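J.: For reference, each letter of the sequence shown is one residue, going 8 to 265 in my numbering.
The C-beta atom is built at its ideal place from N, Cα and C for all residues, glycine as well.
Because the structure is a prediction, the values reported are computed rather than measured.
What follows is a single structure, and I will ask about it in a moment.
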Amino acid sequence: MALILIITPPIFLWIISLCKILLLSRIPFTKHFTQNGRALRKRNILLVIAHPDDESMFFTPTINFLTSRGHNVQILCLSIGDADGKGNIRKQELFQACVALKIPMQQVKMVNHPDLQDGFGKVWNHILLAKIIEEEITSHCIDMIITFDNYGVSGHCNHRDVHYGVCKLLHDTLRKDVEVWELISTNILRKYSGPVDIWLSMFWAMLHSNGTMQCLVNEHYCRSLKAMAQHSSQWVWFRKLFVALSSYTYMNTLRKIK
Ligand SMILES: [Zn+2]
Numbered sequence: 008m009a010l011i012l013i014i015t016p017p018i019f020l021w022i023i024s025l026c027k028i029l030l031l032s033r034i035p036f037t038k039h040f041t042q043n044g045r046a047l048r049k050r051n052i053l054l055v056i057a058h059p060d061d062e063s064m065f066f067t068p069t070i071n072f073l074t075s076r077g078h079n080v081q082i083l084c085l086s087i088g089d090a091d092g093k094g095n096i097r098k099q100e101l102f103q104a105c106v107a108l109k110i111p112m113q114q115v116k117m118v119n120h121p122d123l124q125d126g127f128g129k130v131w132n133h134i135l136l137a138k139i140i141e142e143e144i145t146s147h148c149i150d151m152i153i154t155f156d157n158y159g160v161s162g163h164c165n166h167r168d169v170h171y172g173v174c175k176l177l178h179d180t181l182r183k184d185v186e187v188w189e190l191i192s193t194n195i196l197r198k199y200s201g202p203v204d205i206w207l208s209m210f211w212a213m214l215h216s217n218g219t220m221q222c223l224v225n226e227h228y229c230r231s232l233k234a235m236a237q238h239s240s241q242w243v244w245f246r247k248l249f250v251a252l253s254s255y256t257y258m259n260t261l262r263k264i265k
């Protein structure tokens with residue numbers, strides 16, 4: 008009896024939160040994001056990530072939001088994820104995941120530079136990163152970048168370097184034509200609270216009535232799972248558990264940094 012009393016409230020909260028997300032995915036409350044003052048404008052958006060699977064582990068609510076509205080999403084992955092010698096397999100997995108996420112393969116670019124190799128302790132040069140990202144902006148007329156924040160969700164140094172590479176580009180070029188958004192890293196409790204984090208995420212977003220913080224809910228949960236499952240070499244039990252419990256599967260909170 009005591010056990011039932013303990014487990015019922017969290018299960019109830021989980022279900023109510025899932026219902027809230029489902030409702031928000033049908034009646035979106037996000038108005039400012041991507042519009043930039045002009046409704047229905049299609050954007051050329053560059054998602055900058057460090058490894059194949061970052062897009063499926065962390066960014067699918069954002070990707071699904073954008074592709075559903077017809078925006079042109081390009082992915083720039085700054086390594087092939089060769090830490091375990093599986094780089095070539097992981098390249099293919101990223102292409103397959105992007106197909107599941109409705110991003111054409113020709114809109115996915117992977118970089119395999121000797122100075123940008125996957126791994127903890129591998130320091131990535133921010134000037135080099137900025138140069139590669141700028142080339143991509145120019146060749147695809149990018150007007151919006153989305154990337155990690157300075158903690159990079161998991162704290163992985165490659166994620167953090169990607170953030171600093173984007174910041175370096177902003178600082179050095181002072182480009183006024185490119186809007187930049189970062190994915191907010193949350194504390195461990197919020198990170199593993201699954202859909203329950205929707206209440207706090209919405210609250211923080213609503214505090215920024217000027218639209219500089221946006222909470223995007225996942226409108227295609229099954230699509231996200233399908234995308235993650237394409238990363239067969241990474242699809243081990245603890246990542247399955249992560250995807251099930253992670254609030255990043257259900258929502259993304261983005262903050263405008265420029
Ligand atoms: Zn990663």
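Using the C-alpha atoms, what's the distance from Trp131 back to Asp122?
T.: Distance between the alpha carbons of Asp122 and Trp131: 7 Å.
J.: By alpha-carbon positions, which one of Thr219, Ser254, Val173 ends up nearest to Leu53?
T.: The shortest C-alpha separation from Leu53 is found at Val173.
J.: In whole angstroms, what separates the C-alpha of Gly218 from that of Asn51?
T.: Gly218 and Asn51: Cα-Cα distance of roughly 19 Å.
J.: Going by C-alpha to C-alpha distance, which of Phe19, Pro17, Phe40 sits closest to Glu189?
T.: Out of Phe19, Pro17, Phe40, Phe40 has the C-alpha closest to the C-alpha of Glu189.
J.: Under DSSP, the beta strand (DSSP E) around Gln271 begins and ends at which residues?
T.: No answer is possible for residue 271: it lies beyond the span of the chain, which begins at 8 and ends at 265.
J.: Just to confirm the assignment, what range does the beta strand (DSSP E) spanning Thr81 have?
T.: Reading off the sequence shown, one finds Gln at residue 81, where the question assumed Thr. Start and end: 79-84.
J.: With a threshold of 7 Å, establish whether the CB of His163 neighbours any heavy atom of ligand 1.
T.: Yes; taking the cut-off as 7 Å, the Cβ of His163 has a heavy atom of ligand 1 nearer than that.
J.: Can you round the beta-carbon distance between Ile87 and Asn119 to whole angstroms, since I take them to be within the 8 Å contact cut?
T.: 5 Å between Cβ atoms; contact.
J.: Check whether the Cβ of Ala234 lies closer than 7 Å to any heavy atom of ligand 1, and answer yes or no.
T.: No, since every heavy atom of ligand 1 falls outside the 7 Å radius drawn around the Cβ of Ala234.
J.: With respect to the beta strand (DSSP E) encompassing Thr1, which residues constitute its N-terminal and C-terminal limits?
T.: No answer is possible for residue 1: the residues shown for the chain start at 8 and end at 265.
J.: Straight-line CA distance for Trp211 to Met258?
T.: Taking the straight line joining both Cα atoms gives about 13 Å.
J.: Asp184: beta carbon under 7 Å from a heavy atom of ligand 1?
T.: Asp184: no, Cβ never under 7 Å from ligand 1.
J.: So, helix, strand or coil for Lys116, using DSSP?
T.: Here Lys116 sits in strand by DSSP.
J.: If we count the other Cβ atoms within 10 Å of its Cβ and call it buried at 16 or more, is Asn157 buried or exposed?
T.: By the 10 Å Cβ count, Asn157 comes out exposed.
J.: Assuming Pro202 contacts Leu31 (C-beta within less than 8 Å), just tell me the rounded distance between them.
T.: Incorrect: roughly 11 Å between the Cβ atoms, too far for contact.
J.: Return the CA-CA distance between Asp168 and Ala9, expressed in angstroms with no decimal places.
T.: Distance between the alpha carbons of Asp168 and Ala9 is about 48 Å.
J.: Considering Ile13, what are the terminal residues of the alpha helix (DSSP H) in which it resides?
T.: Start and end: 9-33.
J.: Could you tell me which residues DSSP puts in a beta bridge with Thr154?
T.: According to DSSP, Thr154 bridges with Glu189.
J.: Between which residues of its own chain and Glu226 is the CB-CB distance below 7 Å, once the five residues before and five after are set aside?
T.: The answer, listed in chain order, is Ser32, Asn71, Phe72, Ser75.
J.: Just to check, is the beta-carbon of Asp168 closer than 7 Å to a non-hydrogen atom of ligand 1?
T.: Not under cutoff, so the answer is no.
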